[in-house]
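Undergrad: I have a structure I would like to understand better, so I am pasting it below and will then ask my questions one at a time.
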Amino acid sequence: MPAPRRPFRFVTAGSRPRKRRRTHNDGSTRTVESQAVEYPAEKVTGMDAEILPEGVSEEESFRARDAQSGDDLANHEPETLDGSIWEDFDFLDSFAPNIFESVLHLDLGLQEPLMTDSPGLPSSDIEELNALMAAEDSPRDQLVIQTLGPTPFESLQNLTREDFDGNSSKCSIPPGPFLPRKSTIFELSPQDHDSLLDMYDSEFCVLPLTSDIPVNPFRCQRQLPQGSHILFHSILALCCQHLKRLTGSWSAEAEEHRRKAVQLLEGALQSKQANDQFHLLEPILILFTLDCALSAAGTWTTHLNRAHSLLQACGGPSALTTPRVRSQVGMLLWWDATLALISRQGTVMHRSYLEFLVRWEKQDEWSFFDLTGCPRDLFAHLFFLAELARQSEIAMSMEWLSFNVTPVMDIEQQLIQWQNDEGSFPRPTEQERDFSDSEMEKQDHEQRDRYHCAEAWRCALLLYVERVFKSDRIKRQPAINRLSRRTLDHIRCCRRSSSQTQKQLLLPIFLAGSETSDEEMRGFVKEYCSYWGDKSRYNMFHSVPALLDEIWATKKWWGAVVDSRTKSPTPGLGKAPEQLLFG
1 MPAPRRPFRF VTAGSRPRKR RRTHNDGSTR TVESQAVEYP AEKVTGMDAE
51 ILPEGVSEEE SFRARDAQSG DDLANHEPET LDGSIWEDFD FLDSFAPNIF
101 ESVLHLDLGL QEPLMTDSPG LPSSDIEELN ALMAAEDSPR DQLVIQTLGP
151 TPFESLQNLT REDFDGNSSK CSIPPGPFLP RKSTIFELSP QDHDSLLDMY
201 DSEFCVLPLT SDIPVNPFRC QRQLPQGSHI LFHSILALCC QHLKRLTGSW
251 SAEAEEHRRK AVQLLEGALQ SKQANDQFHL LEPILILFTL DCALSAAGTW
301 TTHLNRAHSL LQACGGPSAL TTPRVRSQVG MLLWWDATLA LISRQGTVMH
351 RSYLEFLVRW EKQDEWSFFD LTGCPRDLFA HLFFLAELAR QSEIAMSMEW
401 LSFNVTPVMD IEQQLIQWQN DEGSFPRPTE QERDFSDSEM EKQDHEQRDR
451 YHCAEAWRCA LLLYVERVFK SDRIKRQPAI NRLSRRTLDH IRCCRRSSSQ
501 TQKQLLLPIF LAGSETSDEE MRGFVKEYCS YWGDKSRYNM FHSVPALLDE
551 IWATKKWWGA VVDSRTKSPT PGLGKAPEQL LFG
């Protein structure tokens, strides 16, 4: 039989001396103080406050600690590319069915392995990290991990699927003796790590996507946690954050794992071997989603600058040689574009990455719709609108500079003429003729969800053009009211109980919701944010209602309110300003 695995133990960091009794041969005892363990000063700095106090609560304590250090990595200045790249996009192509994979129902319930194994009682011995964390990225380290209950796994064992139903909008934690009491130090065994990794691979890595796909950019390869400290800490930080929403504990674990992951990631990116480290994209993606679970407000450009610097060091777009890496860069491009669409400050990553991915997306086992809920052609329009919005803002700040709206009008016409083939009903194939009635009905529902999701994005982009480029931003145009209503109608038509498709429409819900004055429509917008915030456990959804309340109360256009909340409170001090992400 193989030798049993050594237990993984979390130990104190020596913040204060511990006392233990030493026994002499004569039977007497005396108390001695153990030596405190000292740690080097952290490279990561913190931020003063969260930008959205109304929508963010306890997560402010460790939000955006790495805001300042990440900006130093952005040494590459994107070059200006002459000419148009419209020839690279076949905007009249129809979407083949394989682009829109089946939208699988995501069971958000707890997995059985997590509910069957329970860690043992903590030992007084202090051991090094076991073979599960073989030294690859950094030397072995000891962590300070505390919990608010007897042990977190004991708390989770008391939860049942009835207490947290993945198909409901609320998660109910029943009262009982297992709820948080007071801090105790505990250890996690290798079985606990396996349970958390299983939860991540089965549930948490699917939450950011429209549906699970073979090339899931967030799913970890099980051999990697055995050799990567960074990925290991990143995954555990995200798992602990989700479990915090379920159990009320795990807060200290999430904070400590995130701190350690950021510290190790910064060191790896600054190393001389950073020119061949595509595996660092995985912790960057996970830490990005971790911040999405905290709030819509954050120093998102810090993550994007890290990723862009890494990609440039690795060789740029031509170095993206695997479908997995291309799908990971696709997610980064999506966050970059949707962030720039709201901030109107331009993208971090160069458009050459988008050109490259569009060519490969047609043959890879992933699509932009699988990742984001936005079809390829509409995503290309969104990216260019974000760039044009930056140029428009620059022109508005100049007295003698005018903005040429011709490219915007071209995009508007292509959006109007775009053919959404998901609304058609093709003749059934031979394989589909063998489907049962229930399978055919399920497929029809999924097709209609995809159709309405794509239409919501089309209407939202047309609404964006009307508000940002064509309106005077003071007087409301009739077209704005019509497009707002159409966007909300398409969002409402998407199912939510058995599909994640509707979850991908937070940005359209914000753009349309900020324009409506109808109380029933406003109620739907708030209910949408509440439902998906509770179901996905992403506080990014809960940040939107407070922002909309201010927009509705002041009757300003949404850009003015966003700008007032995202301007750096301390300009010139080197801190990255916070921005709002709804993608």
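Going by UniProt numbering, the first residue of the sequence shown is number 1, and it counts up by one from there. Glycine residues also receive a C-beta, built at the ideal position from the N, C-alpha and C atoms.
#1: Quick check: what's the CA-CA separation for glutamate 361 versus glycine 330?
#2: Can you grab the Cα-Cα spacing for the pair leucine 287 / proline 317, in whole Å?
#3: Where are the alpha helix (DSSP H) runs, 4 residues long or more, that stay fully inside the stretch 304-350, in chain order?
#4: Using a Cβ distance threshold of 8 angstroms, determine whether the stretch 353-370 contacts the stretch 226-243, with at least three qualifying pairs required.
#5: Short of 7 angstroms in beta carbon distance, which residues of its chain neighbour arginine 326, apart from the five on each side in sequence? Order them along the chain.
#6: Beta carbon of asparagine 481, beta carbon of threonine 516: below 9 angstroms?
#7: For glycine 298 and glutamine 579, what's the separation of their Cα atoms in angstroms?
#8: Please report the distance separating the alpha-carbon of glycine 559 from that of serine 343.
#9: Cα separation between alanine 296 and arginine 306?
#10: What do you reckon, are the CB atoms on valine 262 and leucine 385 nearer than 9 angstroms?
#11: Would you call the stretch 485-492 and the stretch 453-467 in contact, with 3 or more CB pairs under 8 angstroms?
#12: Distance, Cα to Cα, glutamine 500 vs leucine 507?
#13: Are the Cβ atoms of histidine 542 and isoleucine 491 separated by less than 9 angstroms?
#14: What are the start and end residues of each continuous beta strand (DSSP E) run of 3 or more residues lying completely inside the stretch 473-522, in chain order?
#15: Nearest by alpha-carbon distance to tyrosine 353: which of Gln312, Asp377 and Ala389 is it?
#16: For methionine 409, does the count of other Cβ atoms within 10 angstroms reach 16, so buried, or fall short, so exposed?
#17: As a quick exercise: from Phe403, Glu519, Glu550 and Ser536, pick the residue whose alpha carbon is nearest that of leucine 246.
#18: Unbroken beta strand (DSSP E) runs of length 3 or more, entirely within the stretch 186-254: which are they?
#19: Given a cut-off of 9 angstroms on the beta-carbon distance, is the pair glutamine 502 and arginine 496 in contact?
#20: What does the alpha-carbon distance come out to for the pair lysine 260 and arginine 324?
#21: Measuring alpha carbon to alpha carbon, tell me which residue in Arg476, Ile284, Ile509 and Ala380 is nearest lysine 555.
#22: Which residue's Cα is closest to the Cα of glycine 346: Leu388, Arg376, Glu355 and Lys470?
#23: Round the Cβ separation of glycine 523 and leucine 548 to the nearest angstrom and send it over; I've been treating them as touching at under 8 angstroms.
#24: Using only CA atoms, which one of Asp444, Val206 and Cys493 lies nearest to glutamate 455?
#25: What does glycine 298 pair with, by DSSP beta-bridge criteria?
#26: May I ask you to report which of helix, strand or coil DSSP gives tyrosine 528?
#27: Scan the stretch 381-454 and note each continuous beta strand (DSSP E) run of 3 residues or more that stays entirely inside, going in chain order.
#28: DSSP state of arginine 458, grouped into three classes?
#29: Near leucine 304, what residues of its chain come up, given a Cβ to Cβ distance below 8 angstroms and the 5 sequence neighbours on each side ignored?
#30: Taking buried to mean at least 16 other C-beta atoms within 10 Å of its own C-beta, is glycine 267 buried or exposed?
#31: Serine 251 to lysine 244, Cα distance in whole Å?
#32: Can the beta-carbon of phenylalanine 369 be found less than 9 angstroms from the beta-carbon of arginine 258?
#33: For leucine 483, which residues of its own chain have a beta-carbon under 6 angstroms away from its beta-carbon, when the five flanking residues on both sides are left out?
#34: Under 9 angstroms between the Cβ atoms of proline 279 and serine 234?
TA: Concretely, from the data shown:
#1: Taking the sequence shown and counting its residues from 1, one reaches residue 361 at position 361. Taking the sequence shown and counting its residues from 1, one reaches residue 330 at position 330. Looking at the two C-alpha atoms, the distance is approximately 9 angstroms.
#2: Here residue 287 is taken as the residue at index 287 of the sequence shown, counted from 1. Here residue 317 is taken as the residue at index 317 of the sequence shown, counted from 1. So the two alpha carbons sit approximately 23 angstroms from each other.
#3: Fully enclosed alpha helix (DSSP H) runs of no fewer than 4 residues occupy 323-343 of the stretch 304-350, in order along the chain.
#4: A contact between stretches requires three or more CB pairs, one per stretch, nearer than 8 angstroms, and the stretch 353-370 fails this requirement with the stretch 226-243.
#5: Residue numbering aside, residue 326 sits at position 326 when the sequence shown is read from its first letter. If you ignore the 5 residues before and after arginine 326, its C-beta comes within less than 7 angstroms of the C-beta of Leu320, Leu357, Trp360 and Asp364, all in its own chain and listed in chain order.
#6: Here residue 481 is taken as the residue at index 481 of the sequence shown, counted from 1. Here residue 516 is taken as the residue at index 516 of the sequence shown, counted from 1. A contact, by the Cβ cut-off of 9 angstroms.
#7: Position 298 of the sequence shown holds residue 298. Position 579 of the sequence shown holds residue 579. Cα to Cα, the separation comes out at about 6 angstroms.
#8: Counted from its first residue, the sequence shown places residue 559 at position 559. Counted from its first residue, the sequence shown places residue 343 at position 343. Straight-line Cα distance between these residues: approximately 8 angstroms.
#9: Here residue 296 refers to the residue found at position 296 when the sequence shown is read from its first residue. Here residue 306 refers to the residue found at position 306 when the sequence shown is read from its first residue. Distance from the CA atom of alanine 296 to the CA atom of arginine 306, rounded to whole angstroms, is 19 angstroms.
#10: Position 262 of the sequence shown holds residue 262. Position 385 of the sequence shown holds residue 385. Not closer than 9 angstroms, so no.
#11: The way I'd put it, the stretch 485-492 does touch the stretch 453-467; three or more beta-carbon pairs between them come closer than 8 angstroms.
#12: Against the sequence shown, residue 500 aligns to sequence position 500. Against the sequence shown, residue 507 aligns to sequence position 507. Going by the C-alpha atoms only, they are around 15 angstroms apart.
#13: Residue numbering aside, residue 542 sits at position 542 when the sequence shown is read from its first letter. Residue numbering aside, residue 491 sits at position 491 when the sequence shown is read from its first letter. With respect to the 9 angstroms criterion, histidine 542 and isoleucine 491 are not classified as neighbours on the basis of their beta carbons.
#14: With a minimum length of 3 residues, no continuous beta strand (DSSP E) run stays inside the stretch 473-522.
#15: In the sequence shown, the residue the question calls residue 353 occupies position 353. With distances taken between Cα atoms, tyrosine 353 lies closest to Gln312.
#16: Here residue 409 corresponds to residue number 409 of the sequence shown, with the count starting at 1. Exposed.
#17: Taking the sequence shown and counting its residues from 1, one reaches residue 246 at position 246. Selection Phe403, Glu519, Glu550 and Ser536 evaluated against leucine 246 yields Ser536 as nearest (Cα-Cα).
#18: Complete beta strand (DSSP E) runs here, min 3: none at all.
#19: Locating residue 502 in the sequence shown gives position 502, where the first residue counts as 1. Locating residue 496 in the sequence shown gives position 496, where the first residue counts as 1. Cβ distance < 9 angstroms, so glutamine 502 and arginine 496 count as in contact.
#20: Along the sequence shown, read from residue 1 onward, the residue named residue 260 stands at position 260. Along the sequence shown, read from residue 1 onward, the residue named residue 324 stands at position 324. Near 25 angstroms, if we compare the C-alpha coordinates of arginine 324 and lysine 260.
#21: In the sequence shown, the residue the question calls residue 555 occupies position 555. The residue with the shortest Cα to Cα distance from lysine 555 is Arg476.
#22: The sequence position of residue 346 within the sequence shown is 346, counting from 1. Each of Leu388, Arg376, Glu355 and Lys470 was checked against the Cα of glycine 346, and the nearest Cα belongs to Leu388.
#23: Sequence index remark: in the sequence shown, residue 523 carries index 523 (1-based). Sequence index remark: in the sequence shown, residue 548 carries index 548 (1-based). Wrong, their Cβ atoms sit about 11 angstroms apart, outside the cutoff.
#24: For the purposes of this step, residue 455 is taken as the residue at position 455 of the sequence shown. Out of Asp444, Val206 and Cys493, Cys493 has the C-alpha closest to the C-alpha of glutamate 455.
#25: In the sequence shown, counting from the first residue as 1, residue 298 sits at position 298. For glycine 298, which the question treats as bridged, DSSP gives the partners Gln579.
#26: Residue mapping note: residue 528 aligns to position 528 of the sequence shown, counting from 1. Secondary structure at tyrosine 528: helix, using DSSP grouped into helix, strand and coil.
#27: Assignment of beta strand (DSSP E) within the stretch 381-454, counting only whole runs of 3 or more residues, yields no such run.
#28: As a first step, residue 458 must be located in the sequence shown, where it is residue number 458. Arginine 458 falls in the helix class under three-state DSSP.
#29: Along the sequence shown, one-based indexing puts residue 304 at 304. For leucine 304, where only same-chain residues beyond five positions count, the Cβ hits under 8 angstroms are Leu332, Trp335, Asp336, Leu339, Val348 and Met349.
#30: Counting from one through the sequence shown, the residue named residue 267 turns up at place 267. By the 10 Å Cβ count, glycine 267 comes out exposed.
#31: The count along the sequence shown starts at 1 and reaches residue 251 at position 251. The count along the sequence shown starts at 1 and reaches residue 244 at position 244. When the Cα atoms are used, serine 251 and lysine 244 turn out to be separated by approximately 6 angstroms.
#32: Against the sequence shown, residue 369 aligns to sequence position 369. Against the sequence shown, residue 258 aligns to sequence position 258. No, these two residues do not count as a Cβ contact at 9 angstroms.
#33: Within the sequence shown, numbered from 1, the residue matching residue 483 stands at position 483. Taking leucine 483 as the centre and dropping the five residues before and after it, the same chain places the C-beta of Cys459, Leu462 and Leu463 closer than 6 angstroms to its C-beta, in chain order.
#34: The count along the sequence shown starts at 1 and reaches residue 279 at position 279. The count along the sequence shown starts at 1 and reaches residue 234 at position 234. Correcting the residue type first, residue 279 is histidine in the shown sequence and not proline. No.
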